[in-house]
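Participant: Protein chains in written order, with my numbering: chain A, 432 to 702; chain B, -9 to 230.
By construction, the Cβ of each residue, glycine as well, lies at the ideal position given by its N, Cα and C atoms.
For reference, the structure I am asking about is given below.
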Amino acid sequence: MDYKLIYKYFKQTATYKIATGILADLYVFIETIGNIAYNGFHTCKFIIKGDINFKEVIEQCYRFGITSLPITLSIVGMTSVIVASQVASEMVKQGGSNFVGLLMTMLIVREVSAVMSGFAIISMIGSSLASEIATMKVTSQIDAMKVLNIDPIRYLFVPRILAGTMMMPIIVVIAGIVGVLAGAVTAHLSADLGYRAFFDSAWLGVYMKDLGVSLLKALAFGATIALVSCSTGYEATGGAKGVGIATTKAVVWSFVAIVIWDMVFAMVFFF
Amino acid sequence: MSIEVKNLVKQFNDKTVINDVSFKVNDGEVLAIVGFSGSGKSTILKLICELIKKDSGEIITPEGEDIAMVFQYSALFDSLNVADNIAFALHERKDLRNKYSEKDIKHIVAEKLELVGLKGIERKFPAELSGGMQKRVSFARAIVTEPKTILYDEPTAGLDPISSTLIEDYIVRLKEETNAASIVVTHQMSTITRTADKIIMLYDGKIVFTGTPAELLKQDTPYTKQFVTASLEGPMKIAA
Ligand SMILES: Nc1ncnc2c1ncn2[C@@H]1O[C@H](COP(=O)(O)OP(=O)(O)OP(=O)(O)O)[C@@H](O)[C@H]1O
Ligand SMILES: [Mg+2]
């Protein structure tokens, strides 16, 4: 048998091409996870040692929290309006007026505020973190930093990840409050539900456990978005195209990571 | 401090870009690396300051000493203004972080800017500068820690003749005053003749000429002749 010839023909088959394509994708996938873990580990090392550039942390907190707030609040508020406008009138009709507030707060505290804020932050902050760091990478700014003996992980990653982790819970709390208020107004306008009735039952829907889980989620989301976005930016290669690829990757990976986190939280705390 | 390179080899995706290159730069010496675009000059500098990994060979640089590099495309931090770019190492580097007061730093920055002929542009951002100005700021940033080993990747490319002279004179002055070992990658004749003590010419990953500027100008090898006369005819083919 002429194995060489067989191999040569095998290489031209669709099976071979699909298989190598999948393997290449798998390789990139594992490599990305590896890089995220590696960079995350180094970031933690600096944070644990307390070797932190506080001036940068404050700047990044501002970027994370303040600049994104209008959009984040609008998105959470509108989601709340959408849900309330569909649910409130139906529940009132069915005699469930006393549960509208409860249902809305429960939904908002448990899912809407953290997840929708997460999505808003990914699209605004995650993408900008990734493209910023990717641009620095492809224009040799990261190389310049290394040659000056400054660790890019300490200077770029640590402040951004700390800022993400600290600001996300604050954003989620504010978004939650706005969401509940938007729900109350919507229920009032669409189903003629009194504010008193809404808030009397709203309190019943707030459990300490839910609040705690929501804050934990916010911490996890913030840290994850910042880490994934910085990391994909940091691995960028090539010119403008590389920056584009890194930014897309940051957004996609952050989205997936957040949904996975959300699932993990749901399983651990509410299963 | 001296830099020694022995039998250096570097491949990119099976293409051998640096193929068995050896040279030594002593203290107080400037080595010029010349050669076609794509001949691997920047790659050698990146290998020396460990931005990329070599495949084989040896690079001997002084242990624990700073190596400074002026990048071919400036590589200024575009979110920082000129002053913060120059002072970056003084602000951020572990061993320098708390060494200087803000007043000292301001003073150092002003001094370095004056040196590259750009007095008073501290508050401008890189995007507001011309290419040549960026290059000079990048030069100032690299030398702010007074390194003893300095790599310059085309420090004068794109500069007007007078700014070039300013930079060239400063390369020589740094070498004389601090006894630094430097490598200058350049295409520019004026930079070669004004700064270099030794020259190596790279072609196809190999050294094809070693000598002094005077020897280069003698044009007594096919390679030096082609380089100095900028001729298309000769042993070096641009497509290589
Ligand atoms: N990161 C990389 N990946 C793949 N190939 C590379 C990489 N960096 C450089 N090369 C290749 O190595 C060769 C040498 O590149 P290098 O940048 O060292 O050239 P150079 O001599 O500095 O050229 P120029 O005068 O244009 O600056 C080129 O053929 C280039 O395509
Ligand atoms: Mg080059």
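Which of the three DSSP states is assigned to F26(B) in this structure?
Facilitator: If DSSP states are grouped into helix, strand and coil, F26(B) belongs with coil.
Participant: Looking at the structure shown, is A58(B) part of a helix, part of a strand, or coil, going by DSSP?
Facilitator: Strand.
Participant: Just to be sure I understand the criterion: a residue counts if its Cβ is closer than 7 Å to at least one heavy atom of ligand 2. Which residues meet that?
Facilitator: Spelled out in chain order, the answer is K31(B), S32(B), Q62(B), D143(B), E144(B) and V175(B).
Participant: Should W692(A) go down as buried or exposed, given a rule of 16 or more other Cβ atoms within 10 Å for buried?
Facilitator: Classification for W692(A): buried.
Participant: Within the continuous beta strand (DSSP E) that includes V(-1)(B), where are the two ends?
Facilitator: It spans I(-7) to F2 - the beta strand (DSSP E) in which V(-1)(B) sits, taken as one unbroken run.
Participant: Would you identify the three-state DSSP class for V7(B), choosing helix, strand or coil?
Facilitator: It is a strand residue.
Participant: Sort A77(B), T51(B) and P145(B) by Cα distance to S91(B) and report the nearest one.
Facilitator: Nearest option by C-alpha distance: A77(B).
Participant: What's the call for D75(B), buried or exposed, on a 16-neighbour Cβ count within 10 Å?
Facilitator: Checking the sequence shown, residue 75(B) turns out to be Asn, not Asp. Burial call: buried.
Participant: Among L593(A), D623(A) and V687(A), which one has its Cα closest to the Cα of G481(A)?
Facilitator: When only C-alpha atoms are compared, the closest one is L593(A).
Participant: Let me check one thing: in DSSP terms, what residues is A139(B) bridge-paired to?
Facilitator: A small fix is needed here, since residue 139(B) is Thr in this sequence, not Ala. Note: T139(B) sits in a beta bridge opposite I57(B) and A171(B).
Participant: In whole angstroms, give me the CA-to-CA distance for S548(A) and A606(A).
Facilitator: Using only the alpha carbons, I get a separation of about 7 Å.
Participant: Cβ of M59(B) less than 7 Å from any chain A Cβ?
Facilitator: Closer than 7 Å: yes.
Participant: Using CA coordinates, which residue listed in L70(B), D56(B), D94(B) and G28(B) is at the minimum distance from K84(B)?
Facilitator: Measuring from the Cα of K84(B), the nearest candidate turns out to be D56(B).
Participant: So L141(B) and L35(B) are in contact, right, with Cβ under 8 Å, and what is the actual spacing, rounded?
Facilitator: Their Cβ separation, rounded to whole angstroms, is 5 Å, which keeps L141(B) and L35(B) in contact under 8 Å.
Participant: Please list the terminal residues of the continuous beta strand (DSSP E) segment that includes F588(A).
Facilitator: It is not in any beta strand (DSSP E) - F588(A) carries neither H nor E in the DSSP assignment.
Participant: Tell me, to the nearest whole angstrom, how far the beta carbon of I552(A) is from that of G664(A); I am working on the premise that it is less than 8 Å.
Facilitator: Contact doesn't hold; Cβ gap of about 16 Å is too wide.
Participant: Going by C-alpha to C-alpha distance, which of K672(A), M535(A), V523(A) and M698(A) sits closest to M509(A)?
Facilitator: Residue M535(A) is the option with its Cα nearest to M509(A).
Participant: Which residues in chain B have a C-beta closer than 8 Å to the C-beta of L587(A)? List them in chain order.
Facilitator: The contacting residues do not exist; L587(A) stays about 11 Å from chain B at best.
Participant: Does the beta carbon of Q491(A) come closer than 7 Å to any beta carbon on chain B?
Facilitator: Judged by the 7 Å Cβ criterion, Q491(A) is not in contact with chain B.
Participant: Taking contact to mean 3 or more Cβ pairs, one atom from each stretch, closer than 8 Å, check whether the stretch 652 to 668 of chain A and the stretch 454 to 470 of chain A are in contact.
Facilitator: With the cut-off at 8 Å, the stretch 652 to 668 of chain A and the stretch 454 to 470 of chain A touch.
Participant: State yes or no: is the beta carbon of E82(B) nearer than 7 Å to at least one beta carbon in chain C?
Facilitator: The question asks about chain C, but that chain is absent: this structure's protein chains are A and B.
Participant: Give the single residue among Y493(A), V611(A), R591(A) and D631(A) whose Cα lies nearest to the Cα of S516(A).
Facilitator: Closest by alpha carbon: V611(A).
Participant: If we ignore side chains and look at the alpha-carbon of each, how far apart do P225(B) and S29(B) end up?
Facilitator: Straight-line Cα distance between these residues: approximately 14 Å.
Participant: In three-state terms, what does DSSP make of V15(B)?
Facilitator: Residue state, collapsed to three classes: strand.
Participant: Going straight from the alpha carbon of D150(B) to that of V106(B), what length do you get?
Facilitator: Spanning the two alpha carbons is a distance of roughly 13 Å.
Participant: Could you give the distance in angstroms between the alpha-carbon of T185(B) and the alpha-carbon of G201(B)?
Facilitator: The alpha-carbon atoms of T185(B) and G201(B) are separated by roughly 14 Å.
Participant: At a threshold of 6 Å, does F2(B) count as lining ligand 4 (C-beta to nearest heavy atom)?
Facilitator: Looking for ligand 4 in the displayed structure turns up nothing; the ligands present are ligand 1 and ligand 2.
Participant: Determine, using beta carbons only, whether E101(B) and A73(B) come nearer to each other than 7 Å.
Facilitator: No; because the gap between Cβ atoms is not below 7 Å, this pair is not in contact.
Participant: Tell me which residues of the stretch 566 to 600 of chain A have at least one Cβ-Cβ distance to chain B shorter than 7 Å, keeping chain order.
Facilitator: Under the 7 Å Cβ criterion, the stretch 566 to 600 of chain A contributes T570, S571, Q572, D574, A575, K577, V578, L579, N580, I581 and Y586.
Participant: Out of N169(B), K208(B) and G25(B), point me to the one whose CA is closest to E144(B)'s CA.
Facilitator: Of N169(B), K208(B) and G25(B), the residue nearest in Cα terms is G25(B).
Participant: Using 7 Å as the limit for Cβ to Cβ distance, is A230(B) near chain A?
Facilitator: Model confidence at A230(B) stands at a pLDDT of 48, short of 50, so the residue's coordinates are unreliable and nothing is read from them.
Participant: What are the start and end residues of the alpha helix (DSSP H) that includes T219(B)?
Facilitator: Per DSSP, T219(B) belongs to the alpha helix (DSSP H) from P212 to T219.
Participant: Run through chain A and tell me which residues come within less than 9 Å of A79(B), C-beta to C-beta.
Facilitator: By Cβ distance, chain A contributes L579, N580 and I581.
Participant: Within 10 angstroms of the Cβ of S154(B), are there 16 or more other Cβ atoms? Answer buried if so, exposed if not.
Facilitator: Buried, since its Cβ has 16 or more Cβ neighbours within 10 Å.
Participant: For K196(B), report the span of its beta strand (DSSP E) as first-last.
Facilitator: Taken as a continuous stretch (DSSP letters only), the beta strand (DSSP E) holding K196(B) covers K196 to G201.
Participant: Out of L579(A), L587(A), V507(A) and G465(A), state which residue places its alpha-carbon closest to the alpha-carbon of I489(A).
Facilitator: Residue L587(A) is the option with its Cα nearest to I489(A).
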